[in-house]
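Comments concern the structure below.
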Amino acid sequence: MDFEIRRLGTETKDDFLKFFDKDAFTDNPEWDGCYCQFYLDEREGLEWNGTAEGNRTNAERRIMDGSMKGLLAYHEGKPVGWCHVNFKKEVAAYKSEAGDRDAIILCYVVAPDIRRKGLATLLLDEAVKMMKESGAATIEAYPMKSPKVMEHNYHGFLEMYIAKGFRIGGEDDNTIKVVLEL
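Heads up, the sequence shown is in the UniProt record's numbering, so the first residue is 1 and it goes up one at a time.
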């Protein structure tokens with residue numbers, strides 16, 4: 001399959017919104033309406049009360065002001081995948097532990113009919129390239145240790161990161177921190 005990768009910005013905003021409006025979670029309606037805002041909102045713990053409408057509005061605002069970054073993947077002109085990557089200092093959930101040049105991959109969303117075709121790995125390569133060009137010194141991610149369902153791989157697969165040169169930098173009960181020096 002051929003994919004085209006584009007950076008999120010004002011010119012791709014409508015494609016991002018369309019992807020999350022229609023195709024991102026057709027097989028996982030519980031997550032429908034997130035618009036990749038979970039880690040960006042200030043809150044305590046894992047409780048999240050964001051609404052689809054509010055998340056969409058926040059995503060649109062953040063795209064327009066440049067504070068939300070990431071990559072969209074296209075197949076035959078249609079958005080089919082997403083990788084949320086940014087500097088940690090721009091992400092509420094990681095702001096307190098962020099150095100100026102630390103980047104993080106927050107999540108991947110791939111349309112159900114496109115999964116297991118190498119798109120997440122392609123998005124990872126482009127995320128590393130984008131953040132290196134943006135001046136990041138490191139990039140990290142937190143894949144799940146033992147995902148019980150496919151949806152829990154939204155942080156990416158551990159094997160994918162290791163194959164791309166990331167090293168294990170720690171772990172907790174559920175996730176493994178992987179880090180790549182850029």
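Beta carbons: idealized from backbone N, C-alpha and C, even for Gly.
Item: Meets three-Cβ-pair contact criterion under 8 angstroms: the segment 154 to 161 and the segment 108 to 126; Value: yes
Item: Beta-carbon proximity of L119 to A73, cut-off 8 angstroms; Value: yes
Item: Three-pair Cβ contact test at 8 angstroms for the segment 107 to 114 versus the segment 25 to 43; Value: yes
Item: CB-CB length for V179 against E151, believed under 8 angstroms; Value: Contact doesn't hold; Cβ gap of about 24 angstroms is too wide.
Item: Sheet register partners of W82 (DSSP bridge); Value: L72, V109
Item: Of the listed residues I63, K132, A137, nearest to G99 (C-alpha basis); Value: A137
Item: Member of Y94, Y35, D172 whose CA lies at the smallest distance from the CA of T57; Value: Y35
Item: Segment limits, alpha helix (DSSP H) that includes G54; Value: 52 to 65
Item: Unbroken beta strand (DSSP E) run spanning E171, endpoints; Value: 167 to 171
Item: S134 to I168 span [Cα, whole Å]; Value: 23 angstroms
Item: Classification of G66 by the beta-carbon crowding that lies within 10 angstroms, buried from 16 upward; Value: exposed
Item: Simplified DSSP state of V128, which is helix, strand or coil; Value: helix
Item: Exposed unless 16 or more other CB atoms sit within 10 angstroms - verdict on R62; Value: buried
Item: For A52, the nearest candidate out of G70, E42, D21, K69 (CA to CA); Value: D21
Item: Inter-residue Cα distance where the pair is K18 and D102; Value: 30 angstroms
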